[in-house]
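Novice: In the working numbering, the protein residues as written are 343 to 1369. All C-beta atoms in this analysis are idealised placements derived from N, C-alpha and C, irrespective of residue type, glycine included. If you scroll down you'll find the structure; I have some questions about it.
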């Protein structure tokens, strides 16, 4: 286009766009029947009432119900822990057992490698009768408990036999708890010896592609719920000897040991790593203790790999630096147990004056680890531990590789430590912990207390913990649970930062504001008005919130009282009705307890209609409101299909008509189009549905681009049905059409063609050599073009097709963009740093290994209800861990990662944009016009092929792996969090003489068990690292 010609063409281009708008909107309105459905709802107002969603009332009721649920679980947990302590206190230790003295069910009896242990002396196996359990979705027996013993622990040892003996009495308590509360899930006791007794009994079997060479690697002591159940938050400074003497294998072992230690820390802990020789320095960019979250630990691990050995060992320098940093309270921290972990190969210095200066009151505990095989005197570093209320360990060699192949699932694990209440011969209380007691709380149970199907698809509950991590949130992915911050679950803004802080502080409140909302399919961003209402969950440090858009302040409550009307509406859902009213889907919801949700929607619909033929919506097993509402929507949409859609004149441009409702109905007309329908049957999870509710325009949705060149048939156009009753706005449904791409292209080009044209700008001629014409949606995806080669790229992001023009549209503020990170992605694994080659894992004593120190374990008792939330994103704690060749490959094929996402959206309400794409030796003029009442923009430009000197680098929209925000910058302004108000870091009866050295050993029975426990770890290598 010549510049003078283009100026004269502005009015012409606007006229084209106005004609496009008239054609598209008229087609969508008349073909979809949006006005007709609104009339149907208004005509039949006698069949429903309009009820209010009182946000403050709803969130407070839900918070109380959650508190009650957790309180019931906590009672069961306390009962178990108390009974365990009482039982063990009266248990008499036995050195020998007669044949079959111990009777129990070994959960691993069905594993291939368990037969070798069938005749262990002193024990007899039993075989429970199992039945398929719909609650656990596996075989269970409520008559028995099951026992799991780690593979590398000898089942016939005296310690294990005594554990089996006294824990057998827990079975009755398990059963009592279930009789008191039949909704209880798993009940588990994890012993410090590694034995796990759980109820109900269930075989320790995971079906895998290959049943050969299974190796069970589970150890209860290395589960996160066990470790956190026995330890409170920690401020940990890891001090690494980087002198010349630790070079070679010892340095590799130290690196691996430190990395393993970092893995045992949780988000409630704070940590830093310091190396020292002649001088001391931070190994990374962190100048103080930082939260032990995934990103910070990754940064520390990368830095640990780069530690080099040189110089001489100066413990004074190292410990001085460590104490100064550990006692620096200017930075955020756990403010609880303060610990220094020293990893060294040994030395002659004791640094006594440093300990006297900084730790005279022994508020900081020092744990020392002698790493590698050497001839140094262990006395000095053992002394450091013993004089500072710590413990001394030896890490002599490299352990085995550990792979976690278990399935993940979201549960809350409530835990309490169980203590040995016996006294020694001097009357002093034992300091040992027997283990950790745990119960499961299903998040599904909590979700049932936060009902969503009256809130509309864009309304939801969420809950956060004192770290700001979400417990409940629609964006929390159940398949790959991670610690997801509320501000990462949504698009962050200043108001949400304020809300997060108030929720963590336990305040109640409400805010109304406009926010950016990422679409369900994560391709688009919309602006929506939202009301956030929040309140604390009493007796916990957690807070619950309800988010409502303005159009969900009210909802429809069906009241079809006449059985004839109920039956007539039910008939519209039956398969033989599809030819008349279109293919019908029903959202897979729990309408009735006896109608099980199925992935096959036709089967689910058939089961639903058959059940309702024999029962009424008021059946005790049914959610009457949900059933009546789905029948109401079925009847109304049937009216739309039979009395409007079926009477429409055939239109070559319309592939399908559809309606999606709040009550859970999706109806697609004609039936053939419904058979090809690819959208989810759950209407609350449909991206186009949720977007249509937030927009007043007709929403055009680009099909997903397929690199093979094929794409979905048709372009979806949708609009929300709006009705107002007594001033109350409702959006009960979304209607729409699918437009045939070929027909639209023909109309698109005809609209712009000029007859008797003598200039270059003769409209959007097909495959014109002079101009490119495209229609993009508000996300920058291609919907239409006058070029045949572009039609095979419909649904593709335009920045990949014409990067230069797309960049200019961004610079001209037609498009804005938002970059965010997805912390729940999975990617191909990264290669391990070469420095660590050949040294994948080593045995490192962790928090779980030091549980016989009562001061540490007692810290877990500070809040029972709080513990119920502690392990929210941990895997189910009673899933077997097995490994075969296929599973090993799968485990290595993917890993959790961070990806960067970029979504584009219209920045403002301006309609016209004119600009020039400047290249090296040429330029391209373009004119962009938004199409009113839609989310589309029409763009005409000089052909891309006339100006090939522009930067061809694609502008990508799709998510891509990324390092995420720079941790070094983030720790300078950490997000607000709140630690526990009470911290147990001391014990009145504490005996510091047992600190890992021979001279300090107490010859009590449980001290001997503790030592054997540590030795077991040493022998087993790191095969028990955290799963």
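Buried or exposed for residue 391, please, with buried defined as at least 16 other CB atoms from any protein chain shown within 10 angstroms of its CB.
Specialist: Within the chain shown, residue 391 is the residue found at index 49, counting from 1. Exposed, by the Cβ-count rule.
Novice: Quick one: what does DSSP say residue 1201 is sitting in, helix, strand or coil?
Specialist: Stepping through the chain shown from its first residue, residue 1201 is reached at position 859. Caution is warranted here: a pLDDT of 37 is assigned to residue 1201, below 50, making its placement in the model unreliable, and no coordinate value can be reported.
Novice: In whole angstroms, what is the alpha-carbon distance linking residue 717 and residue 1165?
Specialist: As a working mapping, residue 717 is identified with position 375 in the chain shown. As a working mapping, residue 1165 is identified with position 823 in the chain shown. A straight line joining the alpha-carbon of residue 717 with that of residue 1165 spans about 46 Å.
Novice: Apart from the five residues on each side of it in sequence, which residues of its chain come closer than 8 Å, Cβ to Cβ, to residue 468?
Specialist: Counting from one through the chain shown, the residue named residue 468 turns up at place 126. 445, 446, 447 and 486.
Novice: Look at the Cβ atom of residue 803, then the Cβ atom of residue 827, and state whether they are nearer than 7 Å.
Specialist: Reading the chain shown from its first residue, position 461 is the one you call residue 803. Reading the chain shown from its first residue, position 485 is the one you call residue 827. Contact flag unset, no.
Novice: So residue 897 and residue 395 are supposed to be a Cβ contact under 8 Å. How far apart are they, rounded?
Specialist: The count along the chain shown starts at 1 and reaches residue 897 at position 555. The count along the chain shown starts at 1 and reaches residue 395 at position 53. Correct: roughly 6 Å between the Cβ atoms.
Novice: Using alpha carbons as the reference points, say which of 528, 830, 980 and 998 lies closest to residue 784.
Specialist: Taking the first residue of the chain shown as 1, we reach residue 784 at position 442. Among 528, 830, 980 and 998, the Cα nearest to that of residue 784 belongs to 528.
Novice: How would you write the range of the beta strand (DSSP E) that residue 323 sits in, first residue to last?
Specialist: The chain is shown from 343 up to 1369; residue 323 falls before or after that span and cannot be answered.
Novice: Excluding the 5 residues flanking residue 1269 on each side, which residues of the same chain have their C-beta closer than 6 Å to its C-beta?
Specialist: Position 927 of the chain shown, counted from the first residue, corresponds to residue 1269. Result list for residue 1269: 355, 1256 and 1282, in chain order.
Novice: If I measure Cβ to Cβ from residue 1337 and keep anything under 7 Å in the same chain, skipping five residues before and after, which residues do I get?
Specialist: Counted from its first residue, the chain shown places residue 1337 at position 995. 727, 728, 732, 733 and 734.
Novice: So is residue 798 buried or exposed if we call it buried at 16+ other beta carbons inside 10 Å?
Specialist: As a working note, residue 798 is residue 456 in the chain shown. With 16 or more Cβ atoms within 10 Å of its Cβ, residue 798 is classed as buried.
Novice: Taking the C-alpha atoms as reference points, what is the distance between residue 1280 and residue 1065?
Specialist: One-based indexing of the chain shown puts residue 1280 at position 938. One-based indexing of the chain shown puts residue 1065 at position 723. Going from the Cα of residue 1280 to the Cα of residue 1065 covers about 31 Å.
Novice: What is the rounded straight-line gap between the Cα of residue 962 and the Cα of residue 954?
Specialist: In the chain shown, residue 962 corresponds to position 620, counting from 1. In the chain shown, residue 954 corresponds to position 612, counting from 1. Spanning the two alpha carbons is a distance of roughly 13 Å.
Novice: Assuming residue 842 is part of the alpha helix (DSSP H), what are its boundary residues?
Specialist: By 1-based counting over the chain shown, the position of residue 842 is 500. Start and end: 836 to 846.
Novice: For residue 864, which of helix, strand or coil comes out of DSSP?
Specialist: Here residue 864 is taken as the residue at index 522 of the chain shown, counted from 1. Residue state, collapsed to three classes: coil.
Novice: To which residues does DSSP link residue 474 through a beta bridge?
Specialist: Sequence index remark: in the chain shown, residue 474 carries index 132 (1-based). 481, per the DSSP bridge assignment.
Novice: Taking the alpha helix (DSSP H) that residue 686 falls in, what are its first and last residues?
Specialist: To locate residue 686, count along the chain shown from 1; it is residue 344. Taken as a continuous stretch (DSSP letters only), residue 686 belongs to no alpha helix (DSSP H), being part of the beta strand (DSSP E) at 679 to 686.
Novice: In the DSSP assignment, find the unbroken beta strand (DSSP E) run with residue 1159 in it and report its ends.
Specialist: Working through the chain shown from its first residue, we reach residue 1159 at position 817. Taken as a continuous stretch (DSSP letters only), the beta strand (DSSP E) holding residue 1159 covers 1157 to 1169.
Novice: With DSSP run on the structure shown, which of helix, strand or coil describes residue 1185?
Specialist: In the chain shown, counting from the first residue as 1, residue 1185 sits at position 843. Confidence is the limiting factor: at residue 1185 the pLDDT is only 43, short of 50, which leaves the residue's position unreliable, though a coordinate-based value still follows. Coil, per DSSP.
Novice: Could you say if the region 1060 to 1075 and the region 1086 to 1097 meet the contact criterion of at least three C-beta pairs nearer than 8 Å?
Specialist: In this structure the region 1060 to 1075 does not lie against the region 1086 to 1097, because fewer than three pairs of beta carbons, one per stretch, are closer than 8 Å.
Novice: Going straight from the alpha carbon of residue 1029 to that of residue 861, what length do you get?
Specialist: Here residue 1029 refers to the residue found at position 687 when the chain shown is read from its first residue. Here residue 861 refers to the residue found at position 519 when the chain shown is read from its first residue. Straight-line Cα distance between these residues: approximately 6 Å.
Novice: Tell me which residues share the same chain as residue 482 and place their Cβ nearer than 6 Å to its Cβ, disregarding the 5 neighbours each side in the sequence.
Specialist: Within the chain shown, the letter at position 140 stands for residue 482. For residue 482, where only same-chain residues beyond five positions count, the Cβ hits under 6 Å are 475, 542 and 544.
Novice: At what residues does the alpha helix (DSSP H) containing residue 1112 begin and finish?
Specialist: Here residue 1112 corresponds to residue number 770 of the chain shown, with the count starting at 1. Counting along the chain, residue 1112 falls outside any alpha helix (DSSP H), and DSSP gives it neither H nor E.
Novice: Please report the distance separating the alpha-carbon of residue 441 from that of residue 511.
Specialist: Your numbering for residue 441 matches position 99 in the chain shown. Your numbering for residue 511 matches position 169 in the chain shown. Rounded to the nearest angstrom, the two C-alpha atoms are 19 Å apart.
Novice: Nearest CA to the CA of residue 1035: which residue from 997, 892, 361 and 1019?
Specialist: Sequence index remark: in the chain shown, residue 1035 carries index 693 (1-based). Nearest option by C-alpha distance: 892.
Novice: Considering only the alpha carbon of each residue, which of 1003, 914, 950 and 1080 lies closest to residue 995?
Specialist: Position 653 of the chain shown, counted from the start, is the residue given in the question as residue 995. Nearest of 1003, 914, 950 and 1080 to residue 995, Cα basis: 1080.
Novice: Using the C-alpha atoms, what's the distance from residue 960 back to residue 977?
Specialist: Position 635 of the chain shown holds residue 977. Position 618 of the chain shown holds residue 960. Their backbone Cα atoms lie some 18 Å apart in a straight line.
Novice: Using the beta-carbon count (16 or more within 10 Å), is residue 1170 buried or exposed?
Specialist: Counted from its first residue, the chain shown places residue 1170 at position 828. The residue in question, residue 1170, is exposed, as its Cβ has fewer than 16 Cβ neighbours within 10 Å.
Novice: Please confirm if the region 1112 to 1129 is in contact with the region 375 to 385, defined as three or more CB-CB distances below 8 Å between the two stretches.
Specialist: The region 1112 to 1129 is not in contact with the region 375 to 385.
Novice: Helix, strand or coil, according to DSSP, for residue 1264 in the structure here?
Specialist: For the purposes of this step, residue 1264 is taken as the residue at position 922 of the chain shown. Of the three classes helix, strand and coil, the one that applies to residue 1264 here is coil, per DSSP.
Novice: Give me the Cα-Cα distance between residue 287 and residue 830, rounded to the nearest whole angstrom.
Specialist: Any question about residue 287 goes unanswered here, given that the chain covers just 343 to 1369.
Novice: So is residue 1136 buried or exposed if we call it buried at 16+ other beta carbons inside 10 Å?
Specialist: Your numbering for residue 1136 matches position 794 in the chain shown. Buried is the call here.
Novice: Any contact of the region 696 to 708 with the region 648 to 655, i.e. 3+ C-beta pairs under 8 Å?
Specialist: no
Novice: Go through its chain and collect everything with a Cβ distance to residue 911's Cβ below 6 Å, but skip five positions before and after it.
Specialist: Here residue 911 is taken as the residue at index 569 of the chain shown, counted from 1. For residue 911, where only same-chain residues beyond five positions count, the Cβ hits under 6 Å are 973, 976 and 977.
Novice: Three or more C-beta pairs under 8 Å: does that hold for the region 1234 to 1252 against the region 1152 to 1166?
Specialist: yes
Novice: What is the DSSP secondary structure of residue 644, reduced to helix, strand or coil?
Specialist: Start at 1 with the first residue of the chain shown, and residue 644 comes out as number 302. Three-state result, residue 644: helix.
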